[in-house]
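Colleague: Have a look at this one before I ask anything.
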Ligand SMILES: [Fe+2]
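In our numbering, the protein residues as written are 170 to 541.
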């Protein structure tokens, strides 16, 4: 059933419409109004398929009604303008304002039915098109979300593989992941960016896969040559994720090295993961590695991971020492603000301490990684 709204300040015109359309009452619901204001009020709460409006009315005229209907959310229903005046300028204005059709008074009943059918047919096609678009959009949303989910699963599988190379199997990699979002939120990152850093930070030490056992698992002190090898885990990790890695080139389609300034990966998750893997040992004052970046040259995500990585290492047990107390770990972190750590990141860390304590306690209770 289609709903048709007629508006005219002259009652006999409305009666004429009613008479002309009485045979079609089973297909169309007809509503009659004597002012444009009443139509607008009706449209606020009721679905309407077409409005047939007079132009000259005492308060709001038909053209203003037309403009106000088009300004409604979704553009409102189509409007047929009916005028007794042979004013060509007025007719052009009505068309400019988006009138679906124009009719002259007095309205010929057969002509009226034909025009209404035509406008309603177009409306039907538009609705069909809109439904198709809605369906397609929802399919695209579904597929995108499935793709994002599978991206995350792949990244987390890589993180679990990397965890086997970690000196602490008690969940360091995943604790770091959980510590990041509270800081990121306080630093003004969006919900999506927090989700990115949450997943991507799990790959911060991915490059340890490429460090030989004799160095990574060496019980004693490392020589300077061995340290140099350990430090390579940053470039190795980022290299695994880069689009121009020889293996990744097969899917990225790149023929050679990435042009400078290009994202490391076309996938935002892998790009963030690569940035973190590469720069999480850089220091605020430029004395870190691998590139000696300083200040805001270091991606914010990497500055966040740099702090929580050290905090977690200090506050958990390592094969060669017991865990430091929380106060001691916080004191050591504080003593490195401005040299190793970004002061703003440190501020966010201080504001997140309650959440961090809770995450730490939850990991302890589960004796292993929480689900990501
Ligand atoms: Fe590292």
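Where is the CB? At the ideal position from N, CA and C, for every residue including glycine.
How is residue 506 classed by DSSP in three states: helix, strand or coil?
Modeller: Numbered from 1 along the chain shown, position 337 holds the residue referred to as residue 506. Three-state DSSP puts residue 506 in a strand.
Colleague: Looking only at its chain, what residues have a beta carbon closer than 7 Å to the beta carbon of residue 218, apart from the 5 residues adjacent to it on each side?
Modeller: By 1-based counting over the chain shown, the position of residue 218 is 49. Excluding residues within five positions, the ones whose Cβ falls inside 7 Å are 171, 172, 173, 246, 289 and 292.
Colleague: At which residues does the beta strand (DSSP E) containing residue 453 begin and terminate?
Modeller: Numbered from 1 along the chain shown, position 284 holds the residue referred to as residue 453. Where residue 453 is concerned, there is no enclosing beta strand (DSSP E), given that its DSSP letter is neither H nor E.
Colleague: Should the region 197-209 be called in touch with the region 172-189, which here means at least 3 C-beta pairs below 8 Å?
Modeller: Cβ pair count under 8 Å is three or more, so yes.
Colleague: Let's see if you can read the secondary structure: which residues bound the alpha helix (DSSP H) around residue 303?
Modeller: On the chain shown, residue 303 is found 134 positions in, with the first residue counted as 1. 278-332 is the extent of the alpha helix (DSSP H) around residue 303.
Colleague: Just to confirm before moving on: does the CB-CB distance between residue 391 and residue 399 stay below 9 Å?
Modeller: Here residue 391 refers to the residue found at position 222 of the chain shown. Here residue 399 refers to the residue found at position 230 of the chain shown. It is a contact, given that the beta carbons lie within the stated cut-off.
Colleague: Under a three-way DSSP split, which group does residue 198 fall into?
Modeller: Within the chain shown, residue 198 is the residue found at index 29, counting from 1. Looking at residue 198 - three-state DSSP - the assignment turns out to be strand.
Colleague: Indicate whether the contact test is met: 3 or more Cβ pairs, each with one atom in the region 230-239 and one in the region 262-270, closer than 8 Å.
Modeller: Because the criterion of three Cβ pairs below 8 Å is met, the region 230-239 and the region 262-270 touch.
Colleague: Just list the residues that DSSP pairs residue 273 with in beta bridges.
Modeller: Taking the chain shown and counting its residues from 1, the one referred to as residue 273 is at position 104. Note: residue 273 sits in a beta bridge opposite 252.
Colleague: With burial defined as no fewer than 16 other Cβ atoms inside 10 Å of the residue's Cβ, what is the status of residue 450: buried or exposed?
Modeller: Sequence index remark: in the chain shown, residue 450 carries index 281 (1-based). Counting Cβ neighbours within 10 Å, residue 450 comes out buried, since at least 16 surround it.
Colleague: Report buried or exposed for residue 436, applying the criterion of at least 16 other Cβ atoms within 10 angstroms of its Cβ.
Modeller: Counted from its first residue, the chain shown places residue 436 at position 267. So residue 436 counts as buried.
Colleague: Mind reading off the beta-carbon distance from residue 484 to residue 493? Whole number of angstroms is fine, and I expect it under 8 Å.
Modeller: Stepping through the chain shown from its first residue, residue 484 is reached at position 315. Stepping through the chain shown from its first residue, residue 493 is reached at position 324. 6 Å between Cβ atoms; contact.
Colleague: If you drop the 5 nearest sequence neighbours on each side, which residues of the same chain put their C-beta closer than 6 Å to that of residue 341?
Modeller: As a position in the chain shown, residue 341 is number 172, starting the count at 1. Only 335 and 481 meet the Cβ criterion.
Colleague: Excluding the 5 residues flanking residue 503 on each side, which residues of the same chain have their C-beta closer than 8 Å to its C-beta?
Modeller: Numbered from 1 along the chain shown, position 334 holds the residue referred to as residue 503. So the qualifying residues of the chain are 515.
Colleague: What do you reckon, is the C-beta of residue 481 under 8 Å from a heavy atom of ligand 1?
Modeller: Indexing the chain shown from 1 puts residue 481 at position 312. Because no heavy atom of ligand 1 lies under 8 Å away, the Cβ of residue 481 does not count as near it: no.
Colleague: Hey, would you say residue 220 sits closer than 9 Å to residue 248, going by beta carbons?
Modeller: As a working mapping, residue 220 is identified with position 51 in the chain shown. As a working mapping, residue 248 is identified with position 79 in the chain shown. Going by C-beta atoms, residue 220 is nearer than 9 Å to residue 248.
Colleague: Return yes when at least one heavy atom of ligand 1 lies under 8 Å from the C-beta of residue 478, else no.
Modeller: By 1-based counting over the chain shown, the position of residue 478 is 309. Because some heavy atom of ligand 1 lies under 8 Å away, the Cβ of residue 478 counts as near it: yes.
Colleague: When DSSP builds the beta bridges, which residues end up paired with residue 172?
Modeller: Taking the first residue of the chain shown as position 1, residue 172 is located at position 3. Answer is 198, bridged to residue 172.
Colleague: In three-state terms, what does DSSP make of residue 521?
Modeller: The residue you call residue 521 lines up with position 352 of the chain shown. Three-state result, residue 521: coil.
Colleague: Can you grab the Cα-Cα spacing for the pair residue 441 / residue 318, in whole Å?
Modeller: Locating residue 441 in the chain shown gives position 272, where the first residue counts as 1. Locating residue 318 in the chain shown gives position 149, where the first residue counts as 1. C-alpha separation (whole angstroms): 16 Å.
Colleague: Using only the alpha-carbon positions, how far apart do residue 372 and residue 325 sit?
Modeller: Residue numbering aside, residue 372 sits at position 203 when the chain shown is read from its first letter. Residue numbering aside, residue 325 sits at position 156 when the chain shown is read from its first letter. If you take the alpha carbons of residue 372 and residue 325, they lie about 8 Å apart.
Colleague: Cβ of residue 373 versus every heavy atom of ligand 1: is any distance shorter than 8 Å?
Modeller: Taking the first residue of the chain shown as 1, we reach residue 373 at position 204. The answer is yes for residue 373.
Colleague: Take residue 520 and list the residues in its own chain whose beta-carbon comes closer than 6 Å to its own, dropping the five residues that flank it on each side.
Modeller: Taking the first residue of the chain shown as 1, we reach residue 520 at position 351. Answer for residue 520: 355, listed in chain order.
Colleague: According to DSSP, simplified to helix, strand and coil, what is residue 383?
Modeller: The residue labelled residue 383 in the question sits at position 214 within the chain shown. Helix, per DSSP.
Colleague: Bridge partners of residue 222, per DSSP?
Modeller: Counting from one through the chain shown, the residue named residue 222 turns up at place 53. 176 and 250, per the DSSP bridge assignment.
Colleague: Going straight from the alpha carbon of residue 295 to that of residue 349, what length do you get?
Modeller: Mapped onto the chain shown, residue 295 falls at position 126. Mapped onto the chain shown, residue 349 falls at position 180. Roughly 47 Å between the two C-alpha positions.
Colleague: What residue range does the alpha helix (DSSP H) around residue 475 cover?
Modeller: Translated into the one-based positions of the chain shown, residue 475 becomes position 306. Its alpha helix (DSSP H) spans residues 469-484.
Colleague: Alpha carbons only, please: which of 297, 301, 270 and 468 is nearest the one belonging to residue 286?
Modeller: As a working note, residue 286 is residue 117 in the chain shown. The shortest C-alpha separation from residue 286 is found at 270.
Colleague: At the level of alpha carbons, what is the spacing between residue 522 and residue 434?
Modeller: Taking the chain shown and counting its residues from 1, one reaches residue 522 at position 353. Taking the chain shown and counting its residues from 1, one reaches residue 434 at position 265. Distance between the alpha carbons of residue 522 and residue 434 is about 33 Å.
Colleague: Residue 402 and residue 374 look like a contact to me (Cβ under 8 Å); what is the Cβ gap, rounded to whole Å?
Modeller: Residue 402 sits at position 233 when you count from the first residue of the chain shown. Residue 374 sits at position 205 when you count from the first residue of the chain shown. Right, their Cβ atoms sit about 6 Å apart.
Colleague: Looking at residue 403 and ligand 1, is the gap between the Cβ and the nearest heavy atom below 8 Å?
Modeller: To locate residue 403, count along the chain shown from 1; it is residue 234. Indeed, a heavy atom of ligand 1 lies less than 8 Å from the Cβ.
Colleague: When you measure from the CB of residue 449 to every non-hydrogen atom of ligand 1, does any distance come out below 8 Å?
Modeller: For this step, residue 449 is matched to residue 280 along the chain shown. Residue 449 Cβ: within cutoff of ligand 1.
Colleague: Three-state secondary structure (DSSP) at residue 412?
Modeller: Here residue 412 corresponds to residue number 243 of the chain shown, with the count starting at 1. Coil at residue 412, not helix or strand.
Colleague: Could you tell me how far apart the beta carbons of residue 455 and residue 462 are, in whole angstroms, since I believe they sit closer than 8 Å?
Modeller: As a working note, residue 455 is residue 286 in the chain shown. As a working note, residue 462 is residue 293 in the chain shown. At roughly 7 Å, the Cβ-Cβ gap stays under 8 Å, so residue 455 and residue 462 are in contact.
Colleague: Closer than 7 Å by C-beta to residue 327: which residues in its own chain qualify, once you throw out the five before and the five after it? Chain order, please.
Modeller: Locating residue 327 in the chain shown gives position 158, where the first residue counts as 1. Closer than 7 Å at the Cβ level, and outside the excluded window around residue 327, lie 372 and 375.
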